[in-house]
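Below you'll find the structure, written out as structure tokens, and then a few comments.
Numbering (our numbering), first residue to last: -7 to 246.
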């Protein structure tokens, strides 16, 4: 494996481990229901709102699985998520309201839906990269990248990466190779001079192969075995965690 000039990291499963909060949909529904009532709309019950939010999240999951079969998928917009997946058959006023508030609602959904914890040895990995002239960056799918940016800032990790690329901001999503190319252009490196590290076969391994990176590394997470389709592409290496990734990098620094 080449000695990389840049290390491109997925967010969920690589930088952080995520765990779903059981109460997220009920909490978000209460906030959306309150928003509707403040606007003078009383035509949907709290249970209806929660049911449709859960249905929207499930539809979004199916949609994400389907996009991994496309060569260059676009990302779902915030407005599209609320207009089509959650509020498709809501009365006009209610639907218009959540479409208007779609971006803050997606942000709030991201905040409530999961708890996040930085993976062990991640900060050590980033520090070692800088010490050896390897530029770390983030390349990640996200319904709302602002939530990830907030986490990076609160944990101080934003000062340890050179650029963050999120799909909702870019308008495209992995396995679209443009996600990696955006980061490479920003860093002034050729994709062949980089490693891309992700935790999913159908999005990350495929994306790295399509983008022509120097090496694609699979980091094992809770979602790694959730493979919706057979993937022919293979990673150049598999690691269990950031410590394993650091060990792999150190072999190229000898």
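Glycine included, C-beta positions come from ideal geometry on N, C-alpha and C.
Looking at the DSSP output, residue 128 sits in a beta bridge with -1. Between residue 144 and residue 7, the gap from beta carbon to beta carbon is short of 9 Å. The beta carbons of residue 136 and residue 169 sit about 23 Å from each other, so the pair does not count as a contact at 8 Å. Shown here for residue -7: same chain residues with a beta carbon closer than 7 Å to its own, the five before and five after excluded, namely 207, 228, 229 and 244 in chain order. Residue 175 and residue 166 have their alpha carbons spaced roughly 13 Å apart. Comparing alpha-carbon positions, the option among 191, 210, 240 and 99 lying closest to residue 24 turns out to be 99. When the Cα atoms are used, residue 21 and residue 11 turn out to be separated by approximately 20 Å.
Taking a 10 Å sphere around the C-beta of residue 50, we find fewer than 16 other C-beta atoms and assign the residue as exposed.
For a cut-off of 8 Å, the C-beta gap from residue 0 to residue 186 is around 6 Å, short enough to register as a contact.
DSSP places residue 19 within a helical segment (H, G or I) once states are collapsed to three. The alpha-carbon separation between residue 87 and residue 236 amounts to approximately 47 Å. Taking the Cα positions, residue 202 is about 45 Å away from residue 26. Along the segment 84 to 139, the beta strand (DSSP E) occurs as fully enclosed runs of 3 or more residues at 106 to 110 and 127 to 132, listed in sequence order. In chain order, 8 and 9 place their CB closer than 7 Å to the CB of residue 109, counting only its own chain and leaving out the 5 sequence neighbours on each side.
Under the rule that a run must span 4 or more residues, the alpha helix (DSSP H) segments found entirely inside the segment 153 to 221 read 159 to 162, 170 to 179 and 198 to 203. In the same chain as residue 31, and ignoring 5 residues on each side of it, the C-beta atoms closer than 6 Å to its own belong to 89, in chain order. When the Cα atoms are used, residue 5 and residue 75 turn out to be separated by approximately 29 Å. Collapsing the DSSP output to three states places residue 229 in a strand. Under the DSSP assignment, residue 46 falls in the alpha helix (DSSP H) whose first and last residues are 38 to 59.
Of all C-beta pairs linking the segment 155 to 163 to the segment 64 to 72, three or more are shorter than 8 Å, placing the two stretches in contact.
Between residue 191 and residue 60, the gap from beta carbon to beta carbon reaches 9 Å or more. With a 10 Å radius around the Cβ and a threshold of 16 neighbouring Cβ atoms, residue 188 comes out buried. Per DSSP, the beta bridge partners of residue 10 are 108. Selection 39, 131, 80 and 83 evaluated against residue 155 yields 131 as nearest (Cα-Cα).
Judged by DSSP in its simplified three-state form, residue 26 adopts helix. In the structure shown, residue 148 falls within a coil segment according to DSSP collapsed to helix, strand and coil.
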